[in-house]
Amino acid sequence: MANYAIDVDHVSMMFNLNSDGVDSAKEYLVKAAKKELRYTNFWALKDVSFKVKKGDRMGVMGFNGAGKSTLLKVIAGVLKPTFGSVNVSGVIAPMLELGAGFDSNYSGKENIFLYAATMGFPRSFIEEKYDEIVEFSELGQFINAPLKSYSSGMKSRLGFAIATSVKPDVLILDEVLSVGDAAFREKSERRIENMMGDGVTVLYVSHSTDRVRRICNKAIILTKGQLVANGEADDICKLYKEMVSQK
Amino acid sequence: MKNKNTLGNHTSNFMKYRYLLKELVNKNIKLQYRDSVLGVFWTFLQPLLNMIVLSLVFNNLFGKDNSKVVNYPVYLLCGRLMFEFFTKSTKKAMKSIRSHAGIIKKVYVPKYIYPVSSVLSTFVTSMVSLLVLVFVVAFFNIAKINPIDITWRVIFVLVPILIVFVLSLGVSMILATADVFFKDVENIYDVFTTLLFYLTPIVYHPDRLGFAEGSFMSYVIKLNPLGGIVGMFRACVIWGNDFIQYWDFGQMYYCIGFSVVTLIIGFVLFYKNQDKFILHI
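Line by line, the protein sequences are chains A and B.
Under my numbering, the first residue of the first sequence carries the number -19, and numbering increases by one thereafter.
Under my numbering, the first residue of the second sequence carries the number 67, and numbering increases by one thereafter.
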């Protein structure tokens, strides 16, 4: 157990498709009266098991709707799996894409503290990292401007800078490096490479085999909620390319 | 894992996220008055102006009997401060899960932190609003218009304040849970608070309503816990040394019981449903 940062054990996740759409009491009562509250079960994940060693960078690939995001949510502890269990050792830092979790009326600076607290870090801890975050995000004087005035690139740079500065044990990156200009992307990739020296485990979701190959050493492929391949990044990327060309 | 239901786990989990609670309370307070010219002064101004308006409207209708209502503006302000804390905090907490949907979908956070921080931040601003009451009482005493004899016994206002805090927290947890599943709750609650305003003796004195003892409406008025809370608060402020004569112990026990039961129901309901929140927000 100690050698694994993430242990996903026979995880299945079921959603009730119809119930998701009902969000007013009237709709609920009308449908209940008509006995239309039939739920179609949808399995977003079916018996997925894999382990990620400490310090590994695991690429998660799959077509749209394959269950990648659901898997990340289960690992992050946001969703409780219907069956199975997930064990994560240490602090998880999810990189919040495009302002999710940021408060748009708050300044960049205030959001740094809010974000850190959301991950359970005290203010004093993040104050030490503050200069580093501002520098890496290249926000400069804009750090005191409210977040609503930021561009999407600025927001994702800030998000990436915070998530990587707190030195988490597990870092979740959901298709984030596609935002931002080429220079920042390169800088981010370098930073992730540096982090692996510190034993940080990375989960990286992407459609781009090139990027997965550059960043990750391991990879998995999900298809319709099932784990179809698990192995070295190079082999898996080849396999994924074949799957893409067959489609 | 973090979701095991033992008391020790809950406590250590809370300790880990106490910084978040603090940051959220700070945020709510800071953002409330950001972009307004007068900023935090609205905490004082709003209740003061409201008191003046209500005094002008209702003074002639209800305020003439001085044996029951020593000083109508003060009487009004006492009731309104308690009532406003209750409605503001519950309304804010009701929407708190939905308004933090973005983060709840991405990061594991103990979800109760959002309604609790809403109630706490409203509590802080409401306590600051209490200063208005101090100024208004000082004004009447200096101007010698219906002066109010404030004694050390005013400290007993802490009893109704504590009760209204527990009640608001309990109601908040129930509303926050319900709002996740049915957004209609927001509209219904809006109307309900208007009704509650008139069912609570804020602008009128309960004895002057003229409902017969044992009639339906007299029970409705009596069963409203906010009525008891407002009554206790006023007794401490207005009646000074004689406050005990105006302090209804039966009402006090009823209010405490009602609030504690509401709090328990609120937290149980919240805990039973919180894993389903993410499917609906």
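All C-beta atoms, glycine included, are put in the ideal place defined by N, C-alpha and C.
Contact between residue 35 (chain A) and residue 199 (chain A) does not hold, since the beta-carbon distance rounds to 15 Å and is not under 8 Å.
Under the Cβ distance rule, residue 164 (chain A) does not count among the residues neighbouring chain B, no pair being separated by less than 8 Å. The C-beta distance from residue 138 (chain B) to residue 121 (chain B) rounds to 6 Å, short enough to meet the 8 Å contact threshold. Taking C-alpha positions only, residue 208 (chain A) is separated from residue 108 (chain A) by approximately 43 Å. At a cut-off of 8 Å, the C-beta of residue 308 (chain B) has no neighbouring C-beta in chain A. With three or more CB-CB distances shorter than 8 Å, the stretch 45 to 64 of chain A counts as touching the stretch 159 to 177 of chain B. Per DSSP, residue 37 (chain A) is one residue of the beta strand (DSSP E) stretching across 37 to 42. When DSSP states are grouped into helix, strand and coil, residue 77 (chain B) belongs to the helix group. Between residue 169 (chain A) and residue 195 (chain A), the C-beta spacing is below 8 Å. The beta carbon of residue 216 (chain B) sits no closer than 8 Å to any beta carbon of chain A. In this chain, the beta strand (DSSP E) harbouring residue 24 (chain A) covers 21 to 33. With a threshold of 16 other beta carbon atoms within 10 Å, residue 217 (chain B) falls short and is exposed. The beta carbon of residue -5 (chain A) sits closer than 7 Å to the beta carbons of 22, 24 from its chain, once the five residues preceding and following it are set aside; these are given in chain order. Within chain B, the residues 345 have their CB atoms less than 8 Å from the CB of residue -5 (chain A), given in chain order. DSSP places residue -16 (chain A) inside the beta strand (DSSP E), whose first and last residues are -16 to -4. Taking C-beta separations shorter than 8 Å and ignoring five residues to either side along the sequence, the partners of residue 287 (chain B) in its chain run 265, 267, 272, 275, 277, 293, following chain order. No Cβ-Cβ contact shorter than 8 Å links residue 148 (chain B) with residue 248 (chain B). At least 8 Å separates the beta-carbon of residue 82 (chain A) from that of residue 85 (chain B). Contacts with chain A (Cβ-Cβ distance below 7 Å) from the stretch 99 to 129 of chain B involve 100, listed in chain order. The beta-carbon separation of residue 171 (chain A) and residue 203 (chain A), rounded to 31 Å, does not stay under the 8 Å limit for a contact.
In this structure, DSSP gives residue 171 (chain B) a state outside helix and strand, which the three-state scheme calls coil.
Closest by C-alpha distance to residue 244 (chain B), out of B:107, B:160, B:143, B:97, is B:160. Considering only beta carbons, the part of the stretch 234 to 268 of chain B lying closer than 7 Å to chain A consists of 248, 249, 250, in chain order. Under the DSSP assignment, residue 154 (chain A) falls in the beta strand (DSSP E) whose first and last residues are 150 to 154. In the displayed model, residue 14 (chain A) falls within coil according to three-state DSSP, outside both helix and strand.
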